[in-house]
Structures are given as structure tokens and as C-alpha cells.
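Inspection log for the structure reproduced underneath, given as C-alpha cells.
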Amino acid sequence: MTSRSPTGRRTGDAAFEELLTEGATVPVEGWDFSWFVGRATEERPPWGYHRLLDDRMSRATAALDLETGGGEVLAGISRPPALLVATESWPPNVAVARRNLRRVGGTVVATGTSRLLPFRDASVDLVVSRHPVHTPWPEIARVLAPGGRFLSQQIGAGTLGELAEAVRGVPQDGPPRSDQQTGPAVAAAEAAGLRVVDLRQATLRVAFHDIAAVVHLLRKVVWTVPDFSVERYRPQLARLHERIVAEGEFVAYARRFLIEAVRPE
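What follows is the structure, given as C-alpha cells:
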């Protein structure tokens, strides 16, 4: 049986199954989040990473983007440097990134699982990374030329913890990851020989308007619920679906921090 909620959203078992199927079949390659328009919203950090990225790229001669995903963010710069290289470890994303970065003259290097950067010492004057899974601070310091700069927007500890708890039914296990906290990030940067010149934090509201958006995000951002599958968490997804229908949305919070560091002359 299917009915309609006061907001006009379809309810019932049939609607739930349709939404599950839709969320489970949307392609997850790349970092294009346009599919979520009208289905989920995320507040943006106040510092404007795209604007800062565009400014730093316009002043660089040789730049490197780590963990570029599908290259969507990097492809948005207006004045690319003479040499622009990106790395990506997930094979399905490599082809997407190569296609997206053609317009800015970027080259994509597939890195596999190695945390070593396949570039010469002091070979670039700018390294950037948006939402890296791992930040290889010693390698960043090694490839940066003296006076070079690292700019990164990072995922903070506890991001989407409310969603993970709603899906798993229990709070997240263990202490926060040290590489998702500002203190350890600053310490790691300084230990690698870099000087931190900017550090900012923000907590951002994220709202999901249907269960398909939840399923798609959990398939795409796999570290939120690492063992996620629709079948494994079907009962929890059904309860969350009912909650979204009743309340109109499910709200969680993303934590972000911006860190910028330079290699001393």
C-alpha cells in the first residue's frame, strides 16, 4: 500500500523499495554530487575552499592535487598553472578525472595504494587536497619547493556521526581518528618541517530528504559506515525512512577544517 504524506512525499512499502533501489543503483564514480539536488543539502564552510583554491592556483607555476576523486573540484579553477598534476588511487575515478581535467591541462597519475608520491624532491610550489582520506605530511614536505604551500580542506572527527548511529543502531566505536583532528594535523605538519599559517574549523548542517539519498551517500562516502550494504542494514534503513517521512528530513552534521602550511625558504 502506498499513500502520500502531508508534504506530498510518497510513503509505504512500495515507495521504500523504490527509493532503496534508486539509491543502490546510482553510479558512485567521481565526486559529482549534483544527483543530491532536491534530495539532500549540505551547508558550505565559510572560508570558501573553491575561491581559495582558485587564488592559490593562479599564483602557482607547478601544482599537485592529491586524491582528486573525479577531478570535479580542480577542473573548476579559472587560471591553471603551467604544470598541473593530480593523483587518484581508485581506478574508476582515474578515467573520470582524466576526462574532467583536460579542460585545464591537468595530468592524472594513478597511485594505487602507495602513500609515497611519485614526484621528485622540491618539484612543485603548490600541493592541494580536498577531503583526503590520508594526508602524507612527510611526502608533501618533500615534493614542495622552498617557499611552497599546502592547502587542504579536511574532514573533521565525528562527521555524519548522527547518520552512522541511526543506520548502525549504536554509536560510533572507539576514539576519533587522530588525522581528523586539528591538533594532530598541526603537529604532523610541523614534524614534517612545514609551518602552519592558517587553521579554521566549522560544523555544518546536512539534511537528507529521502532514504535514497542516504543509501547513495553511504555507498559513495564509504568510511561513514564501512560495512554498509542495503541488505545488511535494511531494518535500520526502514526505520530511518519512516522517520524522514514523518519529520520531512533527517539532520546530521559534518565537521570540516581548513589547514594551510608553507615550507620555509
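This note's numbering applies: residue 7 is where the sequence shown begins, and numbers increase by one. The C-beta atom is built at its ideal place from N, Cα and C for all residues, glycine as well. Nothing here was measured: the structure is a model prediction, and the numbers come from that model.
Query: Check whether L150 and A170 have beta carbons under 8 Å apart; Result: no
Query: Buried/exposed call for A273, threshold 16 Cβ in 10 Å; Result: Residue 273 falls outside the range modelled here, since the chain spans only 7 to 271, and no answer is possible.
Query: Cβ contact (3+ pairs, closer than 8 Å) linking the stretch 207-216 and the stretch 28-47; Result: yes
Query: Three or more C-beta pairs below 8 Å linking the stretch 189-206 and the stretch 141-156; Result: yes
Query: C-alpha gap between R15 and V251, whole angstroms; Result: For R15, the pLDDT reaches just 48, beneath the cut-off of 50, and the residue's location in the model is therefore unreliable, leaving the point undetermined.
Query: Integer Cβ distance of A68 from P87, believed to fall under 8 Å; Result: 6 Å
Query: Residue range of the beta strand (DSSP E) that includes I265; Result: F256 to V268
Query: Chain-order list of residues whose beta-carbon lies under 7 Å from that of R201 (same chain, five-residue window excluded); Result: A267, V268 and P270
Query: The stretch 90-107 contacting the stretch 59-78, beta-carbon criterion three pairs below 8 Å; Result: yes
Query: Neighbourhood of F22 by C-beta, 6 Å cutoff - its chain only, sequence neighbours within 5 removed; Result: H247
Query: For V203, three-class secondary structure by DSSP; Result: strand
Query: Endpoints, alpha helix (DSSP H) assigned at P296; Result: With the chain covering 7 to 271 only, the question about residue 296 has no answer from this structure.
Query: Three CB pairs or more closer than 8 Å across the stretch 223-239 and the stretch 160-176; Result: yes
Query: Nearest-angstrom Cβ-Cβ length linking P97 and A81, presumed shorter than 8 Å; Result: Not a contact, Cβ separation roughly 19 Å.
Query: Beta-carbon spacing of P138, E73 below 8 Å; Result: yes
Query: For D71, the residue or residues it bridges with in DSSP; Result: A92 and V134
Query: Contact set for T188: own chain, Cβ-Cβ below 7 Å, skip 5 residues either direction; Result: L205, Q207 and F263
Query: Rounded distance between the beta-carbons of L132 and R155, thought under 8 Å; Result: 5 Å
Query: Member of R62, G164, A163 and P152 whose CA lies at the smallest distance from the CA of S135; Result: R62
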